Amino acid sequence: MKYAAIVLMIAAFGMIGCVGDDQYAGLDGRLFRLEEQQQDMERRFDRLEQGYRKIDASRQEIDTDVQTLRTQLAEFRVENDNLRNELGGLRGRLEETEYAVRAKEDTISETGVALATQVGRLDESVVAHDERIRRLEEYLSLDLAGASPSDMPVTPPGEVSEDDLYRYAKVAFDAGDMETARSGFSDYLKRFPKSQRADNAQFWIAEIYFREKWFEKAILEYQKVIEGYPKGNKVPAAMLKQGMAFSNLGDRSNARLILRELVAKYPKAGEAESARKKLKGL
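Mapping to the working numbering: the sequence shown position 65 is 154, numbers consecutive.
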(Lines of atoms letter the chains of each structure in order from A; the text may use other names.)
(Lines give C-alpha, C1' and ligand atoms only; values in the text may rest on other atoms or scores of the structure.)
Protein backbone atom coordinates (compact mmCIF):
# COMPACT_ATOMS: atom_id res chain seq x y z
CA MET A 90 0.00 0.00 0.00
CA LYS A 91 2.81 2.35 0.84
CA TYR A 92 4.39 1.67 -2.45
CA ALA A 93 1.17 2.37 -4.29
CA ALA A 94 0.72 5.66 -2.45
CA ILE A 95 4.21 6.71 -3.25
CA VAL A 96 3.64 5.88 -6.91
CA LEU A 97 0.46 7.93 -6.95
CA MET A 98 2.18 10.90 -5.35
CA ILE A 99 4.98 10.71 -7.88
CA ALA A 100 2.42 10.56 -10.66
CA ALA A 101 0.58 13.52 -9.24
CA PHE A 102 3.72 15.60 -9.03
CA GLY A 103 4.45 14.61 -12.53
CA MET A 104 1.12 15.78 -13.71
CA ILE A 105 1.63 19.07 -11.87
CA GLY A 106 4.91 19.48 -13.53
CA CYS A 107 3.34 18.84 -16.94
CA VAL A 108 0.60 21.53 -16.68
CA GLY A 109 2.08 24.16 -14.29
CA ASP A 110 3.94 26.23 -16.89
CA ASP A 111 0.83 27.01 -18.96
CA GLN A 112 -1.20 27.87 -15.92
CA TYR A 113 1.49 30.14 -14.56
CA ALA A 114 1.79 31.89 -17.90
CA GLY A 115 -1.97 32.61 -17.87
CA LEU A 116 -1.78 33.83 -14.32
CA ASP A 117 1.09 36.12 -15.17
CA GLY A 118 -0.91 37.65 -18.07
CA ARG A 119 -3.91 38.24 -15.89
CA LEU A 120 -1.74 39.70 -13.20
CA PHE A 121 -0.10 42.08 -15.72
CA ARG A 122 -3.47 43.22 -17.02
CA LEU A 123 -4.71 43.75 -13.49
CA GLU A 124 -1.65 45.81 -12.71
CA GLU A 125 -2.23 47.92 -15.85
CA GLN A 126 -5.87 48.41 -14.88
CA GLN A 127 -4.80 49.38 -11.38
CA GLN A 128 -2.31 51.91 -12.76
CA ASP A 129 -4.95 53.29 -15.12
CA MET A 130 -7.37 53.59 -12.23
CA GLU A 131 -4.70 55.34 -10.17
CA ARG A 132 -4.08 57.80 -13.02
CA ARG A 133 -7.80 58.44 -13.37
CA PHE A 134 -8.05 58.86 -9.63
CA ASP A 135 -5.21 61.37 -9.72
CA ARG A 136 -6.96 63.34 -12.47
CA LEU A 137 -10.22 63.25 -10.54
CA GLU A 138 -8.44 64.35 -7.40
CA GLN A 139 -6.80 67.25 -9.27
CA GLY A 140 -10.16 68.20 -10.73
CA TYR A 141 -11.72 68.09 -7.30
CA ARG A 142 -8.98 70.32 -5.93
CA LYS A 143 -9.63 72.84 -8.72
CA ILE A 144 -13.37 72.68 -8.09
CA ASP A 145 -12.79 73.07 -4.38
CA ALA A 146 -10.51 76.06 -4.99
CA SER A 147 -13.10 77.61 -7.33
CA ARG A 148 -15.81 76.98 -4.77
CA GLN A 149 -13.74 78.71 -2.12
CA GLU A 150 -13.20 81.69 -4.46
CA ILE A 151 -16.94 81.77 -5.18
CA ASP A 152 -17.67 81.62 -1.46
CA THR A 153 -15.25 84.49 -0.93
CA ASP A 154 -16.87 86.51 -3.73
CA VAL A 155 -20.33 85.77 -2.36
CA GLN A 156 -19.25 86.85 1.10
CA THR A 157 -17.73 90.03 -0.34
CA LEU A 158 -20.94 90.76 -2.24
CA ARG A 159 -22.98 90.15 0.88
CA THR A 160 -20.78 92.57 2.80
CA GLN A 161 -21.08 95.20 0.06
CA LEU A 162 -24.84 94.67 -0.10
CA ALA A 163 -25.09 95.18 3.65
CA GLU A 164 -23.02 98.37 3.36
CA PHE A 165 -25.21 99.59 0.49
CA ARG A 166 -28.31 98.95 2.56
CA VAL A 167 -26.89 100.93 5.46
CA GLU A 168 -25.91 103.77 3.11
CA ASN A 169 -29.33 103.69 1.48
CA ASP A 170 -31.01 103.87 4.89
CA ASN A 171 -28.82 106.83 5.78
CA LEU A 172 -29.75 108.57 2.53
CA ARG A 173 -33.42 107.92 3.18
CA ASN A 174 -33.12 109.37 6.66
CA GLU A 175 -31.28 112.40 5.32
CA LEU A 176 -33.88 112.85 2.57
CA GLY A 177 -36.65 112.59 5.15
CA GLY A 178 -34.95 115.28 7.21
CA LEU A 179 -34.61 117.55 4.20
CA ARG A 180 -38.26 117.04 3.30
CA GLY A 181 -39.23 117.86 6.85
CA ARG A 182 -37.22 121.07 6.83
CA LEU A 183 -38.66 121.98 3.41
CA GLU A 184 -42.20 121.47 4.68
CA GLU A 185 -41.42 123.59 7.74
CA THR A 186 -40.05 126.35 5.51
CA GLU A 187 -43.07 126.24 3.20
CA TYR A 188 -45.39 126.33 6.20
CA ALA A 189 -43.54 129.31 7.65
CA VAL A 190 -43.75 131.16 4.33
CA ARG A 191 -47.46 130.44 3.97
CA ALA A 192 -48.09 131.45 7.56
CA LYS A 193 -46.23 134.68 7.02
CA GLU A 194 -48.20 135.45 3.87
CA ASP A 195 -51.50 134.57 5.54
CA THR A 196 -50.84 136.83 8.52
CA ILE A 197 -50.08 139.92 6.43
CA SER A 198 -53.06 142.23 6.77
CA GLU A 199 -51.56 145.67 6.32
CA THR A 200 -49.51 147.00 3.43
CA GLY A 201 -48.67 150.43 4.77
CA VAL A 202 -44.96 149.79 5.34
CA ALA A 203 -44.47 147.96 2.03
CA LEU A 204 -46.34 150.63 0.11
CA ALA A 205 -44.51 153.43 1.91
CA THR A 206 -41.20 151.86 0.92
CA GLN A 207 -42.38 151.44 -2.65
CA VAL A 208 -43.69 154.99 -2.79
CA GLY A 209 -40.41 156.31 -1.40
CA ARG A 210 -38.48 154.42 -4.04
CA LEU A 211 -40.77 155.73 -6.76
CA ASP A 212 -40.42 159.31 -5.49
CA GLU A 213 -36.63 159.00 -5.63
CA SER A 214 -36.83 157.81 -9.23
CA VAL A 215 -38.91 160.75 -10.49
CA VAL A 216 -35.83 162.38 -11.99
CA ALA A 217 -35.17 159.26 -14.01
CA HIS A 218 -38.59 159.63 -15.62
CA ASP A 219 -37.96 163.13 -16.97
CA GLU A 220 -36.94 161.75 -20.34
CA ARG A 221 -39.98 159.53 -20.43
CA ILE A 222 -42.22 162.48 -19.63
CA ARG A 223 -40.62 164.46 -22.42
CA ARG A 224 -41.30 161.66 -24.90
CA LEU A 225 -44.89 161.43 -23.69
CA GLU A 226 -45.33 165.17 -24.11
CA GLU A 227 -43.96 164.99 -27.63
CA TYR A 228 -46.24 162.06 -28.41
CA LEU A 229 -49.29 163.85 -27.01
CA SER A 230 -48.28 167.18 -28.57
CA LEU A 231 -48.13 168.71 -25.10
CA ASP A 232 -44.87 170.62 -25.45
CA LEU A 233 -46.34 173.79 -23.98
CA ALA A 234 -43.39 175.99 -24.87
CA GLY A 235 -43.90 175.40 -28.56
CA ALA A 236 -47.64 174.98 -28.63
CA SER A 237 -49.96 177.54 -30.12
CA PRO A 238 -52.71 179.04 -27.94
CA SER A 239 -55.29 176.88 -29.67
CA ASP A 240 -53.33 173.78 -28.62
CA MET A 241 -53.26 174.69 -24.93
CA PRO A 242 -55.58 172.76 -22.59
CA VAL A 243 -58.61 174.89 -21.88
CA THR A 244 -60.79 174.87 -18.79
CA PRO A 245 -64.15 176.60 -18.60
CA PRO A 246 -63.50 180.32 -18.10
CA GLY A 247 -64.58 182.28 -15.06
CA GLU A 248 -66.66 180.86 -12.28
CA VAL A 249 -67.90 177.38 -12.99
CA SER A 250 -70.09 175.09 -10.98
CA GLU A 251 -68.89 171.87 -9.45
CA ASP A 252 -71.08 169.77 -11.73
CA ASP A 253 -70.03 171.61 -14.88
CA LEU A 254 -66.31 171.29 -14.15
CA TYR A 255 -66.59 167.59 -13.34
CA ARG A 256 -68.71 166.98 -16.45
CA TYR A 257 -66.22 168.95 -18.57
CA ALA A 258 -63.28 166.82 -17.39
CA LYS A 259 -65.20 163.54 -17.74
CA VAL A 260 -66.30 164.35 -21.30
CA ALA A 261 -62.67 165.04 -22.21
CA PHE A 262 -61.66 161.72 -20.60
CA ASP A 263 -64.30 159.76 -22.51
CA ALA A 264 -63.19 161.46 -25.74
CA GLY A 265 -59.60 160.36 -25.18
CA ASP A 266 -58.31 163.89 -24.52
CA MET A 267 -56.25 162.78 -21.53
CA GLU A 268 -54.38 166.02 -20.92
CA THR A 269 -57.55 168.14 -20.91
CA ALA A 270 -59.20 165.60 -18.63
CA ARG A 271 -56.20 165.55 -16.27
CA SER A 272 -56.16 169.36 -16.12
CA GLY A 273 -59.91 169.46 -15.51
CA PHE A 274 -59.90 166.88 -12.71
CA SER A 275 -56.88 168.54 -11.07
CA ASP A 276 -58.65 171.91 -11.18
CA TYR A 277 -61.77 170.25 -9.78
CA LEU A 278 -59.82 168.90 -6.77
CA LYS A 279 -58.29 172.31 -6.12
CA ARG A 280 -61.64 174.09 -6.23
CA PHE A 281 -63.78 171.44 -4.56
CA PRO A 282 -61.51 169.27 -2.35
CA LYS A 283 -64.41 168.28 -0.06
CA SER A 284 -66.77 167.32 -2.87
CA GLN A 285 -68.53 163.97 -2.77
CA ARG A 286 -66.97 163.24 -6.15
CA ALA A 287 -63.43 164.21 -5.13
CA ASP A 288 -62.45 160.54 -4.85
CA ASN A 289 -63.81 159.93 -8.35
CA ALA A 290 -61.80 162.85 -9.73
CA GLN A 291 -58.63 161.53 -8.09
CA PHE A 292 -59.34 158.05 -9.44
CA TRP A 293 -59.71 159.36 -13.00
CA ILE A 294 -56.39 161.19 -12.70
CA ALA A 295 -54.75 157.89 -11.72
CA GLU A 296 -56.59 156.14 -14.54
CA ILE A 297 -55.19 158.63 -17.06
CA TYR A 298 -51.61 157.76 -16.03
CA PHE A 299 -52.47 154.06 -16.19
CA ARG A 300 -53.78 154.42 -19.75
CA GLU A 301 -50.62 156.31 -20.68
CA LYS A 302 -48.71 153.29 -19.30
CA TRP A 303 -46.92 155.46 -16.77
CA PHE A 304 -47.55 152.81 -14.16
CA GLU A 305 -45.23 154.24 -11.50
CA LYS A 306 -47.14 157.53 -11.43
CA ALA A 307 -50.46 155.71 -11.63
CA ILE A 308 -49.56 153.70 -8.49
CA LEU A 309 -48.94 156.93 -6.57
CA GLU A 310 -52.21 158.48 -7.76
CA TYR A 311 -54.22 155.35 -6.90
CA GLN A 312 -52.64 155.44 -3.44
CA LYS A 313 -54.06 158.94 -2.98
CA VAL A 314 -57.53 157.48 -3.56
CA ILE A 315 -56.91 154.68 -1.03
CA GLU A 316 -55.43 156.89 1.69
CA GLY A 317 -57.31 160.13 1.04
CA TYR A 318 -60.78 158.63 0.62
CA PRO A 319 -60.77 155.34 2.60
CA LYS A 320 -64.59 155.27 2.76
CA GLY A 321 -65.14 156.19 -0.88
CA ASN A 322 -66.62 153.84 -3.43
CA LYS A 323 -63.50 153.97 -5.61
CA VAL A 324 -61.14 152.27 -3.14
CA PRO A 325 -61.69 148.69 -4.42
CA ALA A 326 -61.20 149.83 -8.02
CA ALA A 327 -58.08 151.79 -7.05
CA MET A 328 -56.62 148.74 -5.28
CA LEU A 329 -57.37 146.51 -8.27
CA LYS A 330 -55.74 148.89 -10.75
CA GLN A 331 -52.81 149.47 -8.40
CA GLY A 332 -52.20 145.72 -8.28
CA MET A 333 -52.42 145.56 -12.07
CA ALA A 334 -49.92 148.42 -12.36
CA PHE A 335 -47.43 146.57 -10.15
CA SER A 336 -47.95 143.47 -12.26
CA ASN A 337 -47.30 145.43 -15.46
CA LEU A 338 -44.04 146.64 -13.92
CA GLY A 339 -43.03 143.03 -13.21
CA ASP A 340 -43.43 143.43 -9.44
CA ARG A 341 -45.51 140.30 -8.88
CA SER A 342 -44.88 140.26 -5.12
CA ASN A 343 -46.52 143.65 -4.45
CA ALA A 344 -49.22 142.87 -7.00
CA ARG A 345 -50.19 139.71 -5.09
CA LEU A 346 -50.02 141.56 -1.77
CA ILE A 347 -52.45 144.28 -2.85
CA LEU A 348 -54.87 141.97 -4.65
CA ARG A 349 -55.04 139.65 -1.63
CA GLU A 350 -55.75 142.62 0.62
CA LEU A 351 -58.51 143.72 -1.78
CA VAL A 352 -60.13 140.26 -1.59
CA ALA A 353 -59.82 140.22 2.20
CA LYS A 354 -61.26 143.72 2.76
CA TYR A 355 -63.92 143.76 0.04
CA PRO A 356 -64.79 140.08 -0.61
CA LYS A 357 -68.21 140.88 -2.12
CA ALA A 358 -67.06 143.67 -4.44
CA GLY A 359 -66.94 143.06 -8.17
CA GLU A 360 -63.29 144.10 -8.13
CA ALA A 361 -62.58 141.28 -5.64
CA GLU A 362 -63.76 138.71 -8.18
CA SER A 363 -61.47 140.25 -10.79
CA ALA A 364 -58.63 140.17 -8.25
CA ARG A 365 -59.18 136.45 -7.61
CA LYS A 366 -58.90 135.71 -11.31
CA LYS A 367 -55.73 137.76 -11.67
CA LEU A 368 -54.15 136.11 -8.61
CA LYS A 369 -54.40 132.75 -10.38
CA GLY A 370 -52.10 134.07 -13.08
CA LEU A 371 -49.50 135.56 -10.71
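Note that CB positions come from ideal geometry on N, CA and C, so glycine has one too.
Only a predicted model underlies this, so the values are computations on that prediction, with no experimental measurement involved.
- Per DSSP, the unbroken alpha helix (DSSP H) holding W293 starts and ends at A287 to R300.
- Nearest Cα to F335 within the set Y311, S284, E168 and A287: Y311.
- Per DSSP, the continuous alpha helix (DSSP H) segment holding G273 begins and ends at M267 to R280.
- Around the CB of L309, 16 or more other CB atoms lie within 10 Å, so the residue is classed as buried.
- Taking a C-beta distance under 7 Å as the contact criterion, E251 and F281 qualify as a contact pair.
- Going by C-alpha positions, Y355 is about 30 Å away from M267.
- The stretch 312 to 320 and the stretch 348 to 368 do not touch, with fewer than three beta-carbon pairs separated by less than 8 Å.
- Remark: C-beta atoms of R341 and L371 approach each other more closely than 7 Å.
- In this chain, L338 is not harboured by any alpha helix (DSSP H), its DSSP state being neither H nor E.
- Annotation: K320 is outside any alpha helix (DSSP H) and is labelled neither H nor E by DSSP.
- Taking C-alpha positions only, A358 is separated from P325 by approximately 7 Å.
- Here K323 is buried, its C-beta having at least 16 other C-beta atoms within 10 Å.
- S250 sits in coil when the DSSP states are folded into three classes, being neither helix nor strand.
- Minimum Cα-Cα distance from Y277 among the listed residues Y257, E296 and D263 corresponds to Y257.
- Rounded to whole angstroms, the Cβ separation of F299 and A307 is 4 Å, and the two are in contact under 8 Å.
- At a Cβ-Cβ threshold of 7 Å, K313 and Q285 do not count as neighbours.
- Beta-carbon to beta-carbon, A364 and L329 are separated by about 6 Å, close enough to satisfy the 8 Å threshold.
- The C-alpha of I144 is placed about 19 Å away from the C-alpha of E131.
- When the Cα atoms are used, G265 and E360 turn out to be separated by approximately 24 Å.
- Its Cα nearest to that of G273, the residue L254 stands out among K283, L254, F121 and E138.
- With a 10 Å radius around the Cβ and a threshold of 16 neighbouring Cβ atoms, V167 comes out exposed.
- The continuous alpha helix (DSSP H) containing S363 extends over residues G359 to K369.
- In this structure, A344 and A295 do not form a Cβ contact; the two beta carbons are roughly 16 Å apart against a cut-off of 8 Å.
- Rounded to the nearest whole angstrom, the CA to CA distance from E125 to R142 is 25 Å.
- The C-beta of Q156 has fewer than 16 other C-beta atoms within 10 Å across all chains shown, which makes the residue exposed.
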